[in-house]
Amino acid sequence: MTKQIEQLDADRLIDPSRRKLLLGSAGAVGLAGFLGGGIWSVSAEALAEDLPPNRLLGFQGIAASTADEVTIAPGYRAEVLISWGEPLVDGAPAFDPQGNNSAADQEKQFGDNNDGMSFFPIDDNHGVMAINNEYVNEQYLFAHGGAKATSLEEVRKSQAAHGISIVAVKRIGDGQRWEVERPSRYNRRITANSEMQFSGPAAGHPLLQTAADPSGRKVLGTFGNCANGKTPWGTYLTCEENFDTYFGTRQADYRTTPEQKRYTLKASEPERNWPDYDERFDVAKNPNEFNRHGWIVEIDPLDPASTPIKHTALGRFKHENAAVTVAKDGRLVVYMGDDERGEHIYKYVSKGVVDAANPANNRTLLDEGTLYVAQFDGDEAGTPLKGKGRWIALEFGKNGLTPENGFRDEAEVLIFARKAAQQVGATKMDRPEWIAVNPHDGRAYCTLTNNSKRGEEGMPLNAANPRPNNIYGQIIRWDEGGDATADVFAWDIYALCGNPIAHPEGVNRGTPNITAENTFNSPDGLGFDRAGRLWILTDGKYSNKGDYVGQGNNQMLVGDPVSGEIRRFMVGPKSCELTGITFTPDYKTMFVNVQHPGEEGDSHFPNNSPRPRSSVLMITREDGGVIGA
Ligand code: FEO
Ligand code: CA
Ligand code: CA
1 MTKQIEQLDA
11 DRLIDPSRRK
21 LLLGSAGAVG
31 LAGFLGGGIW
41 SVSAEALAED
51 LPPNRLLGFQ
61 GIAASTADEV
71 TIAPGYRAEV
81 LISWGEPLVD
91 GAPAFDPQGN
101 NSAADQEKQF
111 GDNNDGMSFF
121 PIDDNHGVMA
131 INNEYVNEQY
141 LFAHGGAKAT
151 SLEEVRKSQA
161 AHGISIVAVK
171 RIGDGQRWEV
181 ERPSRYNRRI
191 TANSEMQFSG
201 PAAGHPLLQT
211 AADPSGRKVL
221 GTFGNCANGK
231 TPWGTYLTCE
241 ENFDTYFGTR
251 QADYRTTPEQ
261 KRYTLKASEP
271 ERNWPDYDER
281 FDVAKNPNEF
291 NRHGWIVEID
301 PLDPASTPIK
311 HTALGRFKHE
321 NAAVTVAKDG
331 RLVVYMGDDE
341 RGEHIYKYVS
351 KGVVDAANPA
361 NNRTLLDEGT
371 LYVAQFDGDE
381 AGTPLKGKGR
391 WIALEFGKNG
401 LTPENGFRDE
411 AEVLIFARKA
421 AQQVGATKMD
431 RPEWIAVNPH
441 DGRAYCTLTN
451 NSKRGEEGMP
461 LNAANPRPNN
471 IYGQIIRWDE
481 GGDATADVFA
491 WDIYALCGNP
501 IAHPEGVNRG
511 TPNITAENTF
521 NSPDGLGFDR
531 AGRLWILTDG
541 KYSNKGDYVG
551 QGNNQMLVGD
561 PVSGEIRRFM
571 VGPKSCELTG
581 ITFTPDYKTM
591 FVNVQHPGEE
601 GDSHFPNNSP
611 RPRSSVLMIT
621 REDGGVIGA
């Protein structure tokens, strides 16, 4: 870990056999003048000659759609596994489609707005799924249909619809379809009020202490659970993202601190009005409660009695997902994005190594290690859409993380990770969402979903985020030369998203692997399957007009990392986002989430439901084959 950026030779880091391919997907285009805002001319013919044939995508791509239904590639079927409000825990009442379920009901029912999730196999015919319930759509949660809670009972219902649902599933017959198993000892809800523990360097720190918890080690609840990760020892990681939207105060003279502002707290106008009825979320009364959220939480889905753990060593920010890999020397590496305009990409490297034979030895891996943040630079020649970068350690006492700059100890570096990242010169990215690691070459891919403020004051263009008013987003990838603990890397843009229908030329056309047939905006969810297919899920504009004409509803696509080809596999119902992706171990069943269908009041998904419901979809092939092959 001693190499310096000056010694970086991007070409050396990239296997020569792959170098052409790196260039193939994005570099073999005439991009002269791109960074300077000149005309961006694409030489598609040159690219086509360079492209190796796609070997991975075995399905027929589908057209965009604006229908209020799931559309999927021929030969595939998508069915609902479970929807918001379905009974989960023993004694749970039926879902009431008019919103009359109580808070106590919701605590036993499947949560709302399912997002990231992982499948944990038990045997060939049984498994357990851990599924995030990121937030709620108040207009559908509450019987009154309004946007705000009007009582403590309604706040409690909202809190109970957040968190995680642990759902046991069993195979139906001997095919590829599965169903929820009820009753099951594994079925469990973890909500915004469940007790959990802090661990790692910031546990017990004064900034995490409150009147209710003077120890600073016990915390209630998790919410804003966006995406996820899975450890090699079989636990689930859930990532706290937009936690700031739950805090506020009615105290008129309350002054938001710079540390709270850095996490975009809008104290007088919170998006959700929990503080009106629950003092824990009133920042004037309980200022440190705000610091107790924005972490990565570890849950053991196979032990219903286990207490979730918030791991402070992974830093506090608006966590999107946790892409876990094991480095060649056995250390655990976790890549993480902070989803906000101009925020950063992080990497955690454990001190110890993963011990597959003795899982008890893995307990400290998420508590003892080093958090790094990424700096992306162009190459010396200023080649568009590629460059080199380095990981900078966020260690107290180093790289300016000192008392003179406002950091008194390592805990403060972690609690205020955004400030620390800025101090060390991290690159401001276009909203880092999911990260996924290619199992075949170790390269990590990250969706940079969009950034309409790019190019404005305080948000200058840079090599990795080169497009002003970036409404379509891009997928960036980095190569650490086969060593996930490396402190330098080479990067390139796998796809600069765009719309060749609306913009036949120019920077909003996108890279040549974006076509009129696959055009999409705002890539968000991301995952690799075992064969190395890159699954891309979108959370973007679905107007199907103007800049977004021809893109339809949010969608799921599949990319070939080698050829660069991208094909549309599925389209969701109206005003939903597709997110969350996991597979059974044979990769013949895929689960994907339809989140917030009808957020614009225009959907009756699923099954003509009076109020639309977020749902987990189960995807199988009619011939029982591997998904996507
Ligand atoms: Fe929950 Fe950044 O998406
Ligand atoms: Ca997301
Ligand atoms: Ca998003």
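Going by full-length UniProt numbering, the residue at position 401 of the sequence shown is 401; the numbering climbs one at a time, nothing skipped. The beta carbon of each residue, even a glycine, is placed where N, CA and C say it ideally should be.
Span separating the alpha-carbon of residue i from that of residue j
i    : j    : result
D278 : E153 : 10 Å
I501 : K545 : 11 Å
K266 : Q260 : 9 Å
D92  : G85  : In the sequence on display, residue 92 carries Ala and not Asp. Taking the straight line from one Cα to the other gives about 10 Å.
D123 : P585 : 10 Å
D529 : I82  : 23 Å
G378 : T485 : 21 Å
K347 : A203 : 20 Å
A463 : V488 : 16 Å
E622 : I166 : 28 Å
D479 : A284 : 45 Å
D409 : I415 : 10 Å
P561 : Y542 : 26 Å
L207 : Q251 : 21 Å
V592 : M117 : 9 Å
R280 : A147 : 21 Å
L35  : V373 : Low per-residue confidence applies at L35: pLDDT is 39, beneath 50, and the placement is therefore not dependable, though the value from the model is reported in the following sentence. Cα to Cα, L35 sits roughly 24 Å from V373.
P460 : N361 : 45 Å
N100 : K157 : 10 Å
E241 : N133 : 12 Å
P74  : N518 : 16 Å
P512 : N499 : 11 Å
M129 : G473 : 30 Å
G580 : V594 : 9 Å
A149 : N137 : 11 Å
V354 : V326 : 8 Å
G628 : L57  : 6 Å
E600 : S575 : 6 Å
P275 : S268 : 10 Å
Q109 : G572 : 24 Å
T264 : R316 : 13 Å
P606 : I72  : 15 Å
G175 : R182 : 20 Å
P201 : K386 : 36 Å
T222 : T245 : 13 Å
Range of the contiguous alpha helix (DSSP H) that encloses residue i
i    : result
A411 : 410 to 415
S158 : 152 to 161
D105 : 103 to 106
Bridge partner(s) assigned by DSSP for residue i
i           : result
K170        : H126, E179
L534        : F528, G559
W434        : Beta-bridge pairing links W434 to no other residue.
D547        : In DSSP, D547 forms no bridge with anything.
P121        : G127
residue 677 : Residue 677 is absent from the model: the chain starts at 1 and stops at 629.
F95         : DSSP output for F95 lists no bridge partner at all.
T485        : Its beta-bridge partners do not exist; DSSP assigns none.
F605        : DSSP output for F605 lists no bridge partner at all.
F520        : For F520, which the question treats as bridged, DSSP gives no partner whatsoever.
V334        : V324, Y348
residue 652 : Because the chain here runs from 1 to 629, residue 652 falls outside it and cannot be looked at.
Q375        : R390
Limits of the beta strand (DSSP E) - the one that residue i falls within
i    : result
Y135 : Unbroken run through Y135: none, as it is neither H nor E.
H311 : 309 to 311
K218 : 218 to 220
K388 : 386 to 393
H319 : 319 to 326
R477 : 474 to 479
K230 : 225 to 230
M196 : 195 to 199
I619 : 615 to 621
R189 : 188 to 190
K590 : Inspection of the sequence shows that residue 590 is occupied by Met rather than by Lys. Start and end: 589 to 595.
A284 : No beta strand (DSSP E) holds A284; DSSP gives it neither H nor E.
R316 : Careful: R316 lies outside any beta strand (DSSP E) and carries neither H nor E.
T584 : Note, T584: premise wrong, no beta strand (DSSP E); not H, not E.
CB contact below 9 Å: residue i versus chain D
i    : result
N451 : Annotation note: the requested chain D is absent from the structure, which comprises a single protein chain.
Point to revise | Any beta strand (DSSP E) of 3 or more consecutive residues that is wholly inside the stretch 233 to 276 | key: Whole beta strand (DSSP E) segments, 3+ residues: 236 to 240.
Check your understanding: How would the residue list near ligand 2 read, in chain order, if you kept each one whose beta-carbon is closer than 7 Å to any heavy atom?
Key -> D115, C226, A227, E320, D339, E433, W434, D524, G525, D539, T579
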